[in-house]
Amino acid sequence: MRRGWTELRQTFTTGQDLFGHALWTVLLIVPLLLLRDEPLKGAGISLGAFMLPSMMGMTLAFTGLMTTAQLLATEREDGTLLRAKAVPHGMVGYLVGKIIMVSGTALVSMALALAAGVFLVDGVAREGGGALLTLVWVVPLGLLASLPIGAVIGSLVASPRAIGLLMLPVMGMVVISGIYFPLSKLPEWLQTVGQVFPVYWLGLGLRSALLPAGAVAAEIGDSWRHLETAAVLGGWAVAGLLLAPSVLRRMARRESGAAMEERRWKAMQRVG
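Here's what the structure looks like:
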């Protein structure tokens, strides 16, 4: 846990990382500003208000999946993982540290977007404590649904550069997950595909917590579907928690000085 807090503190005291967090927040806020006066038909809110909690859910899922995968792939290549493996309980400390650091980063990014959006977009976070209690279970469940899967991806990819190749399918998943417009507006087969992934359910759960009750008219079946949200996110969490330990153990067993030297040699060949 101390390792996680140390990494989190370093992240928020490093200029480059702070710039990245600020830039991400700006990228989230700009479309909200552009669409804050565009009404969402039948829902009684603007399209900007609909997008704010949806983008917060996307941030949580994106950070859990891609940041975890990127960190594992990078630190496997630069030897950090090998050094952790060489000390008693090093892998446990490494993984707990990453969970704390990535979770903290995701929560701060969400909080920044919410703080800015509440003042810029009408109709968000006005329901009081009852509705906001939904955040207490949606956010942790969303982290459990995304962090283990990110760890699996980071364990399986050959190098950090391969993570970039995953951006296209990830962005495709975002487009069909009801982040920028209601999923109910898409063809039924795309609705089915979008509901397979946790991004849609994270967005739905956060919309149910932060938007007025009338906004449910924009959702599939005119319902917030809390039970289905818990079931799908819980299913992804269970699958990830069952799969991640074995994949991570396999990755750790294969780490050695020779393997790291081979990766370094291949990287030098690409540069050459």
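Per full-length UniProt numbering, numbering through the sequence shown is continuous, rising by one, with the last residue being 272.
Don't be surprised by glycine CBs; every beta carbon is placed ideally from N, CA and C.
Being a predicted model, the structure only gives us computed values, none of them experimental.
- Task: Check the Cβ-Cβ distances between K85 and every residue of chain C, and say whether any is below 8 Å.
- Result: No chain C is present in this structure, which holds just one protein chain.
- Alpha carbon to alpha carbon, how far is L143 from S103? Give it in angstroms, no decimals. 7 Å
- Task: Evaluate K41 with the Cβ neighbour count: other Cβ atoms within 10 Å of its Cβ, from every protein chain shown; 16 or more gives buried, anything less gives exposed.
- Result: exposed
- Query: Is there contact here, the region 235-242 with the region 88-99, by at least three beta-carbon pairs under 8 Å?
  - Reply: no
- Through-space distance from M55 to L248, alpha-carbon basis: 30 Å
- If you check the beta carbons only, do L52 and L35 fall under 8 Å apart? no
- With distances taken from CA atoms, which of A116, E228 and I100 is nearest M1? I100
- State the start and end residues of the unbroken alpha helix (DSSP H) segment that holds I220. Looking at the DSSP string, I220 is not in any alpha helix (DSSP H), and its letter there is neither H nor E.
- Message: Which residue marks the beginning of the alpha helix (DSSP H) containing E188, and which one marks its end?
- Response: E188 to G194
- Message: Taking its Cβ as the centre, do 16 or more other Cβ atoms sit within 10 Å of A231, making it buried, or is it exposed?
- Response: Exposed, because fewer than 16 other Cβ atoms sit within 10 Å of the Cβ of A231.
- Item | The alpha helix (DSSP H) enclosing D17, as first and last residue numbers | G15 to L35
- Query: Smallest Cα separation from E7: which of A73, T67 and G97?
  - Reply: G97
- In angstroms, rounded to a whole number, what distance separates the CA positions of W236 and G44? 32 Å
- Whose CA, out of F50, G178, A111 and R254, lies closest to the CA of V121? Considering only alpha carbons, the answer is F50.
- Who are the near neighbours of G214 in its chain, counting only those whose CB is closer than 7 Å to its CB and skipping five residues on each side? Short of 7 Å from the beta carbon of G214, and not among the five residues preceding or following it, lie these beta carbons of its own chain, in chain order: A43 and G44.
- Quick one: using the 10 Å Cβ neighbour count with 16 as the cut-off for buried, is F12 buried or exposed? exposed
- Task: Within the same chain, show all residues whose beta-carbon is closer than 8 Å to that of W24, passing over the 5 residues directly before and after it, in chain order.
- Result: Once the five neighbours on either side are set aside, the close Cβ partners of W24 are T59 and S109.
- Item | Environment of Q70 [buried if 16+ CB atoms lie within 10 Å] | buried
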